[in-house]
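Have a look at the structure below, then the notes.
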Amino acid sequence: MTVSNHLLFSFTSIYDYQEALNEGTLSCRDAVLHYLDRINRLSHLNAFVQVYEKKALETADQLDNERMAGKKPGRLHGVVIGIKDVICFKDHPVTAGSHILEGFHSLYHATAVERMMKEGAIMIGHLNCDEFAMGSSNENAPVYGRAKNALDTEKVSGGSSGGSAVAVQASLCMLSLGSDTGGSIRQPADFCGIIGLKPTYGRISRYGLIAYASSFDQIGIFGRNISDIAVLLEVMSGFDPRDATSSKKPVPSYAESLTPNAQRTTVNDQPPTANRQPPTSNRSAQSFGGQGRQRIAVLKETLSHPSLDPEIRDKITEFLSDLRIKGHEVVEISFDLLDYIVPAYYILTTAEASSNLSRFDGVRYGYRTTDNEAGFPGFYLKSRSEGFGKEVKRRILLGTFVLSAGYYDAYFSKAQKVRKILTERTKLIFNEFDLILSPTVPTTAFKTGEKSSDPTAMYLADLYTVYANLVGIPGISLPLFTHTNGMPFGIQAMTNQFRELSLLQFSNELMQQYKSYEIPTL
Ligand code: GLN
17 MTVSNHLLFS
27 FTSIYDYQEA
37 LNEGTLSCRD
47 AVLHYLDRIN
57 RLSHLNAFVQ
67 VYEKKALETA
77 DQLDNERMAG
87 KKPGRLHGVV
97 IGIKDVICFK
107 DHPVTAGSHI
117 LEGFHSLYHA
127 TAVERMMKEG
137 AIMIGHLNCD
147 EFAMGSSNEN
157 APVYGRAKNA
167 LDTEKVSGGS
177 SGGSAVAVQA
187 SLCMLSLGSD
197 TGGSIRQPAD
207 FCGIIGLKPT
217 YGRISRYGLI
227 AYASSFDQIG
237 IFGRNISDIA
247 VLLEVMSGFD
257 PRDATSSKKP
267 VPSYAESLTP
277 NAQRTTVNDQ
287 PPTANRQPPT
297 SNRSAQSFGG
307 QGRQRIAVLK
317 ETLSHPSLDP
327 EIRDKITEFL
337 SDLRIKGHEV
347 VEISFDLLDY
357 IVPAYYILTT
367 AEASSNLSRF
377 DGVRYGYRTT
387 DNEAGFPGFY
397 LKSRSEGFGK
407 EVKRRILLGT
417 FVLSAGYYDA
427 YFSKAQKVRK
437 ILTERTKLIF
447 NEFDLILSPT
457 VPTTAFKTGE
467 KSSDPTAMYL
477 ADLYTVYANL
487 VGIPGISLPL
497 FTHTNGMPFG
507 IQAMTNQFRE
517 LSLLQFSNEL
527 MQQYKSYEIP
537 TL
């Protein structure tokens with residue numbers, strides 16, 4: 017290790033990095049030192065809430081020794097990863113950005129973390145987020161304050177996984193994990209000019225993820241290129257007996273099928289063990305890469321929505337025309353359910369949150385009121401009133417309200433019906449189409465404070481993203497555009513459940529064919 021090594025290091029991809037490790041021009045310790053140095057220099061961005069310097073360096077040294085001793089390296093050998101402050105990392109603090117979890121240390125690893133570590137990943141720290149992942153701007157941050165968008169620190173990072181997005185945007189780690197309940201990966205990825213993937217519900221175990229709304233929550237990935245995201249997805253995916261909602265579906269070779277020479281025959285998302293069909297000549301002869309012509313649905317109402325920035329609409333419309341020229345079938349279909357999506361989402365998620373968050377009672381762990389005279393039930397009342405922030409309390413109250421006798425039918429069961437109708441409609445759409453494309457967010461990153469006094473204006477930032485969570489399908493945001501205001505924005509692509517492989521292949525082609533947003537050196 018030389019001092020210059022860690023200062024000169026610049027990350028392009030897991031593949032290149034591991035090549036350099038194998039050639040001996042770099043060590044895992046160099047990489048960790050590089051990120052520690054950047055985290056320190058860019059600490060004003062407030063992306064990390066905890067940095068695990070000692071542990072990260074120890075793991076790096078261990079990996080370096082193992083590699084030098086000739087041990088076969090894991091797939092994530094030396095990959096430096098940041099995790100959102102809602103994901104458990106054994107023996108380390110995890111707070112969900114809330115006073116209520118002050119002083120709490122994880123008793124076990126989240127399955128996602130455990131699987132990454134088994135493949136040699138290095139956890140460098142916990143990343144900032146909205147309290148209990150509730151928010152769209154990381155401004156609901158009563159403990160740590162918000163993470164700042166590195167492109168313009170007056171602007172929001174997006175939320176709730178704001179710190180996870182900024183960490184990748186500002187090269188404070190190689191990749192990061194977030195959680196996405198209604199857009200918390202795709203929306204900050206859009207605001208920060210990077211890629212954000214929310215997999216199918218149940219693709220990655222939620223064991224060790226602090227719950228917000230359990231039937232919506234999903235762990236996902238922030239990165240700068242599709243092949244890295246594919247490797248991480250493959251490592252973390254698959255059934256986990258500790259999460260009954262994790263899927264037993266086999267995990268395809270996401271990563272392998274993205275390499276330039278791989279046969280493009282796994283577009284049907286079959287696992288690698290399944291019989292592969294030889295490439296059909298008409299597919300491989302298409303002008304658009306190896307994946308061939310895609311049938312793409314565009315939900316008309318998403319583009320005509322009054323909250324959509326006209327410039328975003330124009331750029332996306334132009335982009336869709338270009339896809340047609342490249343040979344894809346792009347069809348605008350009517351989708352009259354758009355206006356129901358955000359209300360249904362907020363009714364169902366707050367209902368689930370009101371139940372999930374009842375465990376934080378000040379008795380067993382976390383914050384407890386110092387008022388010894390509070391008595392019963394005052395003790396609970398005070399601990400919870402003092403421990404939770406404003407938005408979390410608003411949602412617990414709203415969720416309790418929509419579930420209460422007399423209002424249940426008017427709100428909760430209606431929202432459930434909307435979810436059911438959406439699921440049925442989605443099935444029909446995917447009978448005819450491979451993909452749905454839309455803007456990721458109606459606007460680019462807004463100014464801090466601009467929407468914080470108006471929760472409903474803030475909730476509209478989720479207009480295009482909550483749909484995927486309501487119906488459990490995967491969605492990705494790709495940073496393909498730059499607004500004249502200088503900020504990036506993305507396109508969102510969604511496929512049917514467990515079609516991550518097609519989604520990643522299509523995304524890869526778009527990233528190669530279009531000049532994606534280039535983050536300036538920070
Ligand atoms: N912005 C949405 C909300 O506040 C989404 C949050 C999330 O995905 N965790 O609920």
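The numbering of the sequence shown is the working numbering, which starts it at 17 and goes up by one.
Where a beta carbon is used, it is the ideal one built from N, C-alpha and C, also for glycine.
Where L191 is concerned, the enclosing beta strand (DSSP E) starts and stops at 191-195. Assigned with DSSP and collapsed to three states, V482 falls in helix. With a cutoff of 7 Å, T365 counts as near the ligand GLN, since its C-beta is closer than that to a heavy atom of the ligand. By the C-beta criterion, the segment 462-478 is judged not to be in contact with the segment 395-403, since fewer than 3 inter-stretch pairs fall below 8 Å.
Counting of Cβ neighbours within 10 angstroms places N524 among the buried residues, the total reaching 16 or more. Under DSSP, I99 shares a beta bridge with H142, L193. In this chain, Q234 is not harboured by any beta strand (DSSP E), its DSSP state being neither H nor E. Counting only runs that start and end inside the segment 183-228, the alpha helix (DSSP H) elements of at least 4 residues fall at 202-208. Restricting attention to beta strand (DSSP E) runs no shorter than 3 residues, the segment 397-468 encloses them at 451-455, ordered along the chain. Cβ neighbours of S180 within its own chain (closer than 6 Å, five residues either side excluded): K100, L143, S192, G194, F238. For M527, the secondary structure class from DSSP, reduced to helix, strand or coil, is helix. According to the DSSP assignment, M510 belongs to the beta strand (DSSP E) that extends over 504-510. In the same chain as S262, and ignoring 5 residues on each side of it, the C-beta atoms closer than 6 Å to its own belong to G218, S221, F255, D256, in chain order.
Apart from the 5 residues on each side of it in sequence, Q185 sits with its Cβ closer than 7 Å to the Cβ of A166, C208, G209, I210, I535 in its chain, given in chain order. At a Cβ-Cβ threshold of 8 Å, R515 and D285 count as neighbours.
Look at A149: its beta carbon is less than 7 Å from one of the heavy atoms in the ligand GLN. DSSP lists no beta-bridge partner residue for V65.
Your pair G119 and T481 does not check out as a contact, with CB atoms roughly 33 Å apart and the cut at 8 Å. Three or more beta-carbon pairs separated by less than 8 Å link the segment 504-515 to the segment 434-451, which places the two stretches in contact.
Where P495 is concerned, there is no enclosing alpha helix (DSSP H), although the beta strand (DSSP E) around it starts and stops at 491-498.
With the rule of 3 Cβ pairs closer than 8 Å, the segment 101-114 does not count as touching the segment 45-57.
Take K463, set aside five residues on each side of it, and the residues of its chain with a beta-carbon closer than 8 Å to its own are E170, K171, V172, in chain order. The ligand GLN has no heavy atom closer than 7 Å to the beta-carbon of D330. Where A137 is concerned, there is no enclosing alpha helix (DSSP H), because DSSP gives it neither an H nor an E. Of L324, P322, A360, A313, the smallest CA-CA separation from S337 is found for A313. When distances are taken from the beta-carbon of Y228 to the heavy atoms of the ligand GLN, the shortest one is below 7 Å.
Residue pairing by DSSP puts S253 in a beta bridge opposite I220. Here the segment 319-335 does not lie against the segment 358-375, with fewer than 3 beta-carbon pairs under 8 Å apart. Of the heavy atoms belonging to the ligand GLN, none sits nearer than 7 Å to the Cβ of S371. For L315, the enclosing beta strand (DSSP E) covers residues 311-315. Here the alpha carbon of A227 sits roughly 10 Å from the alpha carbon of Q234. Residue state for H93 is assigned as coil, using DSSP reduced to three classes. Straight-line measurement puts the Cα of F376 at about 23 Å from the Cα of G175. Bounds of any beta strand (DSSP E) do not take in V358; it lies within the alpha helix (DSSP H) bounded by 354-372. G119 sits in coil when the DSSP states are folded into three classes, being neither helix nor strand. Residue range 345-349 is occupied by the beta strand (DSSP E) that includes V347, with no alpha helix (DSSP H) assigned at that position.
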